[in-house]
Amino acid sequence: MDAMLVIKAVAALSVIGLAAAAMLTAASRKFHVEVDPRVERVLSVLPGANCGACGNPSCFGAAEAIAQGALPVTACTAGGQAVADAVADVLGVEKCAVASIVSLRHCGGGRAATRSFDYAGVMTCAAVARLAGGDLECPAGCFGYGDCARVCPFDAIAIDTRGLPVIDLDRCTGCEVCVRECPRGSIGLLVMAPEDGAVAVRCNSHDKPRARRDYCSMCCIACKKCEKACPADAIHIIDLLAVVDYDKCTACGMCVAVCPQECIDLTGRAAIAPAVMLDGRGPKVDGFLPVVPDARPEGVGK
Amino acid sequence: MRTRAFKGGVHPADRKDQTNTRAIERAPVPQLVTVPLSQHLGAPCSALVEKGDRVRRGQLIGDVEAMVSAPVHSPVDGEVTDVGRVVLASGMRSVAVTIVPDEQQDLDSFEPVTAGNDSVRERVRAAGIVGLGGAAFPTSVKLQPPREMPVSTLILNGCECEPYLTCDHRLMLEQPDRVIRGAQLIAGSVGAGRAVIALESNKLDAAAALRAQAPDGVEVMVLPTRYPQGAEKQLIRATIGEEVPHGELPAATGALVHNVSTAAAVADAVDQGRPLIERVVTVTGKVRRPGNFMTMIGTPVETLIEAAGGFDGDHGRIVAGGPMTGMALADLSVPVVKGMGGIVVLHPAESAPAVHGDQPCIRCARCSDACPMMLEPYAIGIYANRTDWEGTDRYHALDCIECGCCSYVCPTRRPLVQLIRGAKQALLQRGAQL
Amino acid sequence: METLQHFTLLLVGAALVNNILLTRFIGLCPFFGVSSSMDTSLGMAGAVIFVMTLATTATWVFWNVLLAPLGVGDFLYIPAFILVIAALVQFVEMYLRKASPGLYRSLGIFLPLITTNCAVLATATESVRPGFFKMGIDYGFGFGEALVYTIGVAIGFGIALLTFAALRERLEVAPVPEVMKGTPMAFITAGLLSLGYLGLAGLFGL
Amino acid sequence: MTETTTAARMQVAPSPHVVAPENVTHLMLWVVAALAPATVWAVWNMGMVAAVLLVSCIASSLGTEWLWTRIARRPQTLWDGSALVTGLLLALAMPPLTPWWMGVAGGIVAVGLAKMLFGGLGWNLFNPALVARAVLAVSWTGVLAEAGPYPGGWFRALDIPATGELDAINGATRLAIAAADRAADGAYGVDLTAYYQPLLLRNLEGCLGEVSALLLILGGFVLIAKRIIDWRVPVGYIGTVAVLSWAFGSDPIFNVLAGGVLLGAFFMATDPVTSPMTRSGRVVFACGCGVFNSVVRFFGPMPEATTFAILFMNGLVPFIDRAFAPRTFGWVKRRG
Amino acid sequence: MREWLSVFRRGLAVDNPLTVLMIGLCATLAVSTKVEGAFFMGMAVIFVLSMSSAIVSTLRSLIPEQVRIPVFIVIIASFVTIVDLTMKAFLPGVYTFLGVWIPLIVVNCVILGRAEAFAYHQPVRLALADGLGMSLGFSLVIVVLAAIRELFGSGEIVFLGIRLIAFPEWYPAPGILLLFPGAFIVFGFIIALAKWYNGRTSTRLVQTDAHCTIEEGGR
Amino acid sequence: MARRAASTPLNMIGAVLATCLVAATALTLTYEVTRERILEQERAAERSALQAVLPGAEQFEAADELLEPAAEAAGQVPVQAVYRGFDGSGAHAGWGVRVAPRGYGGPVTLVVGLDRDGSVLGVSIVTQNETPGLGTKILTVPGWIDQFVGWESTDIKGSAAGFDAIAGATRSSVAVRNGVTAASQVYTEVLAAESGEEEDGS
Ligand SMILES: Cc1cc2nc3c(=O)[nH]c(=O)nc-3n(C[C@H](O)[C@H](O)[C@H](O)COP(=O)(O)O)c2cc1C
Ligand SMILES: Cc1cc2nc3c(=O)[nH]c(=O)nc-3n(C[C@H](O)[C@H](O)[C@H](O)COP(=O)(O)O)c2cc1C
Ligand SMILES: Cc1cc2nc3c(=O)[nH]c(=O)nc-3n(C[C@H](O)[C@H](O)[C@H](O)COP(=O)(O)O)c2cc1C
Ligand SMILES: Cc1cc2nc3c(=O)[nH]c(=O)nc-3n(C[C@H](O)[C@H](O)[C@H](O)CO)c2cc1C
Ligand code: SF4
Ligand code: SF4
Ligand code: SF4
Ligand code: SF4
Ligand code: FES
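Chains as they are written, first to last, in our numbering: chain A, 124 to 425; chain B, 364 to 797; chain C, 266 to 471; chain D, 260 to 595; chain E, 382 to 600; chain F, 358 to 559.
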């Protein structure tokens, strides 16, 4: 073996190796730039959905704010407790509990509500809402064109065969994006305990009960049966509409049982009805919901 | 002149011959008038009357302090039977005063308005005049241009470029004196040295009538017939050759645009103290006796259609305003408002086909060639469809004037205007949030 | 005139006819990684042109001063070159971050990506080791030729990256089947794009 | 107010409420109509083989579109006619002796791979017919070559490399021959003007669509007159080819008439979906096609480069669209 | 052992270097015209990656922080050179086919070895699992890609001179599959397949994960 | 986490030097070990190529002195090597010429075997970079390459005219043909004289 070649090789590689090492070492000392490493660390545990629910334009913004103490470690609504704990972990601060909130739909009309005209055009709730006030007789009902489903950053909503959005509470993080998107306020944000479930009144019309009945068979008729049945004094007829006080509601389901209009539902993890989803390939339904799949080029807004 | 014309535009079949020879006639007094308190852009009025009150024709029934607003007056003698919410043709909900007219009506008299002072602007405001060209922007506001942008040219918009409509045409033909008087008053009020009455080449008879009476300083200009010649920015481009810069008022070019009917209403308000309680409405299309009707504000659309002889067989959409920018009606009981220049009952085959949802864009570029604002509507549509509002902003969605040329030419019938409108709304909301 | 023609052909050949991304399969990771928007790909293209030129210069010097004279190039060039390139890029990155944060934001963030990119190593190696690639012509490069060639390659990289990014922006909004969204469609688009480049093969005998 | 009195619900839709009479199907059928004379003439002259190829290309294009929409549960788009145009153009761009199974494969590639996979009509980035043609050409060059000369003509139609020697190939299109001659002696050995007439009227040595240049030009004029295509594209394309041919010392008219330039310039580079949106962009696009076509024809290994020229420029379209965006009314500066 | 397996398995699917991380595309697309070449390319990567992961991990406590990058690069590049020279000497046919792509894998191996991210912090055992998993994931995909391209593109698969499988004579092999466009397109479909597969498994994971953590989050 | 060596200058230089030492030594070793084999492989490849084209020969000897005139004779086509072949008895059995005509994707290197009268005994393709599936057919189409066998230098034009190119691989085919023609050219202008001399000399 050629010893000379070994020496030459070692020399050459060492020169290059040392030069590289020296350059890097010198550079890292000389050009050192201080970046707050906490921002990176917080960012690494955030979900990265950039949903904006926390009021920041992106997860990065949130990470900065959290690292600087401008926002609490629980700032990420979407991430829930897990993320809050992780953030607390990486920042080395005390963990705090977050309230778990999910969104709830306040309309049960769907196919049971009367349409006021034949609509043609862009199949979104926002678009129909701009034309003659929307194609529902009910001034507050859900159009069912699925804007909420399109915008949900966690893919928690799908339009079911009744033409109503169904919210998968397992996925919903309470980020409120859908609530902001809905032109009807058909979805309300509320605080609830997922394990226990909660009741939801599926009517939001402030018309007179008589008028409501004319255009929707699922409406609240203000009969007060729920109010009487509730053992926890948690449901009341206010302005001719049943309203739940979630601080008191124990999700016992009494009101659900007595409502003659089937206008109250028990929701929550245990109670999600197995609705047939129309997520692009379900059965086509006649009537007013013919084109939700087409109106939604796949993955729009996702 | 040709070089000044705006780019783009379309030539829809104008179908004006149905009504452009019909003299303006009076529509019957309806059994019920519903006068909305928000017929204009700006703050809605508050009702000054209650259920059960008696009102006189011309009496002020709604007003508000806000600067951008216009009061409303009762078009009839009668009794107020309700003050409540109604749905308007635009789909907006507004409080309206419902009046049952008396049996006997003196249609030639009215209660003259009282203005704070004698200036043209005050009288116009008191008369509740809004732009009759469609946008229903309170005229008095436009009579007060920003100080740093003096108005040098008043342009009276007699283009009436929308298909079917002839109300402005008939007005210019039958009452050129009122239009010219209005032009003089407005020009005097804003200090404009030059007044131009612009109309399209399909109304040469009206041009002749105007020319016959036009004094010095009032010019009659005939422009090529092309939609949307009457849109404010395009009209300014065609008459004085300047582009209204993005985000600026027309006054930035030294021009002020008013509709000819607005000018006529201004003339009446100043000279007679006449409030804006009536307007000419073209009722045309698949009706038995199409024509131009002097109609009281608040008249239900049904009444007008009956006045025009009722439907003539099957019909398609019923449009309030022109077919390019007007609104399809869901309900014929909606009232005529100040900004409504026509009721067009479309032929079923002529109505745009009903498109449900998204149609593909084949990138034929017809929309961008037709767009008078030189936008790329297809691109805005694509981004709007994805609710990517930044994307729509990159393509200047906010500059769209919603003229409808793009949807009109699109071979796949993409609902472009609707998509763009959605984008504009979203962008404006976001702008407001910021 | 001769030289001008020679250099022009060298440039065109390197940039278009033998486009490094679409006809030679080199540097594909960033081609797919940073082409999702025009803006980022513009930054990347700039950074690649910069780094490639620098890297070729450096490897050319090390090869001709150290490795070739010592006769150890044949088996040391891989560690030597990648070390040189990695160190260089890292150095430039740190320098930019300190000296010119603006430039760093537009170009610098792409620098680490470049180290992990075949194109730089391949082009630098190719420029000093003629015949490394079995391309149409046997490039026997002087320093000037090596530089022109490198710049040509880098320009070709930039052109392909930018057009691809523009295509992907359009693809992004298209209703493609759900499973094909994103990278799968990017690959198929690249395939069809390279179909067009196929027509250039053998142009001018390059 | 909310009570509806009329029995039938009224239709409410956004403005405008009237639309221009022409829809997509009309556009597509006009293209078919413009191609019809050339197609009929080709079948008349070439007979059964041409008919079989036409049927296989068109049937497989339509079939793929139908199947795709069924399987993907998208709205049926068969009737918009674009698959018909794609199939027809594919057939016209192939030599008549192409085996039928290649026509079928071409239709599947065109509509399945190049169009529907990208989202269907309007979303494809590359011209479907040309993608298919390129794929067939590089996949089965041998098969196409072995298909041999058309009975009664001596031709080989696909993009076979010109080799410098005529005898190296079994037969050649006039273009290939001309190129070969030029390469061999540095000048044309033949008088190219003699070819004008057959190329214009009846030429059996090329693809189906090349039988008569005159009929193609007529069809193109119809589309221009109907404003279905922008005249800038064919004029820019053909003009560039003519000028460059002249500059490279060849006969401009022959170079325009021979090969696929006319079919490409009038019917393929004009495909709205895969060409730029603005007029200036289209000029750049067309000239780019012309430059690519001529440069490859004169300095490259193949005599025919229309397919690759247009595909290459298709790739640049989004970029061109960005670079040549129109100036919005009232905006002084171009958008950044 | 479970930990070892889970680290090992990651490279095969959810973190597959080719279909998910998209690293090492050049060599993959270039040499996948032949199963033979792809196979040996895979072997080369397996060798380099597992050897360097192991060595880097063994030496991890001896290498000072600031010079670790040059040191790691030298280690990895040396293994690549060894493969390069050895293959040239003993498998000349394969070497001619793989040619320049062997030296170029150094780039990917530097990333994949992820000397920093993984081996540097892990015991040898896990570093090896990672290296093996990653390189096997790489090899798996490249061989599948090559099998599709060779079989359908040329009608047969020939491995070291032995014809493994062949289509009947009349099969008109579409040559496009052996060219650049074919490589991109087939690989596009493979990624889609991988995405679909990973999506199926990982969505389920995410779902249960979310559920568990929220419950365990203890409200 | 394992304890890590501190970043002192000594440690750092030491670590880098040690790595380089080990790596360079290992690589040199590998290189040394493989070098012989690599050269041998190359020689063997060349030999087997020559053997394939000159079936009668057993010994080959590079005739480097003829390279320059040969290159001149071949014109455009580069000539890389010229070999004399000797049969078992040491008698001159023919010539091997390695040429590198340009194909589609770059040079196609081939060895052409010529007998002493200049007729082609065999052609073998050594390296090529043609398009897989298309140009590579010059390798894969069975029997194709054999058509060159028997071409006479005296009538090379005639043979070339009747040559059969592979459909779809015309340029690659022509490259091979050009290589063969060039080799014949070399024979006519250089080797023929040499052959004669040797005959005289033997
Ligand atoms: C919010 C708003 C403010 C406006 N302010 C003024 C103004 O100060 N002076 C003026 O002359 N016109 C003003 N305009 C009127 C517009 O420039 C335009 O003339 C009017 O909206 C009529 O538009 P049209 O073309 O759609 O009918 C204003 C319009 C809007 C919507
Ligand atoms: C697309 C479009 C078309 C228009 N066409 C007319 C028209 O034909 N006649 C008209 O008076 N105003 C038309 N306008 C409204 C004018 O732009 C402008 O608002 C009006 O002339 C101002 O006068 P006013 O405030 O008195 O209504 C149109 C607006 C748009 C957006
Ligand atoms: C060849 C090479 C490969 C690299 N691979 C990775 C990698 O896989 N992941 C990563 O996060 N960074 C990678 N980097 C980036 C560097 O690790 C990183 O920029 C550097 O270590 C930062 O130095 P620090 O440790 O002082 O923060 C790589 C850098 C080089 C030179
Ligand atoms: C003028 C015109 C030219 C067309 N040219 C082609 C073409 O060259 N190839 C093709 O596949 N389709 C063509 N089409 C049909 C259609 O646009 C094409 O299938 C789309 O690319 C599919 O999205 C053409 C259509 C028109 C209107
Ligand atoms: S359902 Fe609504 S609140 Fe829940 S995650 Fe989706 S968008 Fe957010
Ligand atoms: S809840 Fe609101 S956004 Fe969702 S479908 Fe109903 S109306 Fe649309
Ligand atoms: S509606 Fe808007 S985008 Fe469409 S043509 Fe008119 S101005 Fe242009
Ligand atoms: S007119 Fe319609 S199809 Fe044509 S480019 Fe515009 S949106 Fe697309
Ligand atoms: S393998 Fe990633 S750039 Fe080459």
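Every residue gets a Cβ at the ideal spot worked out from N, C-alpha and C, and that includes glycine.
Quick caveat, the model's predicted, so the values are computed rather than measured.
Closer than 9 Å at the beta carbon, the chain B residues around residue i
i	result
residue 288 of chain D	Result: empty, since nearest Cβ-Cβ is about 12 Å, beyond 9 Å.
Neighbour list for residue i in chain F, Cβ cutoff strictly below 8 Å
i	result
residue 140 of chain A	373, 374, 376 and 377
8 Å Cβ shell around residue i - same chain, five flanking residues per side excluded
i	result
residue 737 of chain B	370, 371 and 731
residue 428 of chain C	458
residue 690 of chain B	452, 453, 454, 682, 683 and 684
Beta-carbon proximity list for residue i, same chain, < 6 Å, skipping 5 on both sides
i	result
residue 431 of chain F	539, 542 and 543
residue 704 of chain B	528 and 530
residue 493 of chain F	487
residue 162 of chain A	186, 187 and 190
residue 489 of chain E	404 and 405
Nonlocal neighbours in the same chain, by C-beta distance under 7 Å from residue i, ignoring five residues either side
i	result
residue 147 of chain A	none
Rounded distance between the beta-carbons of residue j and residue i, thought under 8 Å
i	j	result
residue 660 of chain B	residue 640 of chain B	6 Å
residue 521 of chain E	residue 431 of chain E	The Cβ separation is near 15 Å, so there is no contact.
From the options, residue whose alpha carbon lies closest to that of residue i
i	options	result
residue 750 of chain B	A:341, A:274 and A:278	A:274
residue 129 of chain A	F:372, F:385 and F:510	F:385
residue 151 of chain A	C:362, C:344 and C:454	C:362
residue 398 of chain E	E:557, E:427, E:383 and E:417	E:427
residue 477 of chain C	D:567, D:469, D:514 and D:345	The structure shown does not extend to residue 477 of chain C, since chain C is modelled only from 266 through 471, so no value can be given for it.
Amino acids of chain D, ordered along the chain, whose beta-carbon sits closer than 8 Å to that of residue i
i	result
residue 428 of chain C	574, 575, 577 and 578
residue 555 of chain E	364, 394, 398 and 399
Chain B residues whose Cβ lies nearer than 7 Å to that of residue i
i	result
residue 188 of chain A	Simply none; closest approach about 18 Å.
Contacts that residue i makes with chain E (C-beta to C-beta distance below 9 Å)
i	result
residue 148 of chain A	447 and 448
Within chain F, partners of residue i - CB distance below 7 Å
i	result
residue 470 of chain E	391, 394, 395 and 398
Chain C residues whose Cβ lies nearer than 8 Å to that of residue i
i	result
residue 745 of chain B	438
Within chain B, the residues that residue i reaches when beta carbons sit closer than 8 Å
i	result
residue 273 of chain A	750
With a floor of 4 residues, list each alpha helix (DSSP H) that falls wholly inside the stretch 384–467 of chain C, ordered by position along the chain.
408–437 and 448–463
Ignoring anything shorter than 3 residues, give me the beta strand (DSSP E) runs that lie fully in the stretch 196–260 of chain A, in order along the chain.
224–228
Runs of 4 residues minimum, wholly inside the stretch 400–438 of chain F: which ones carry the alpha helix (DSSP H) assignment?
424–431
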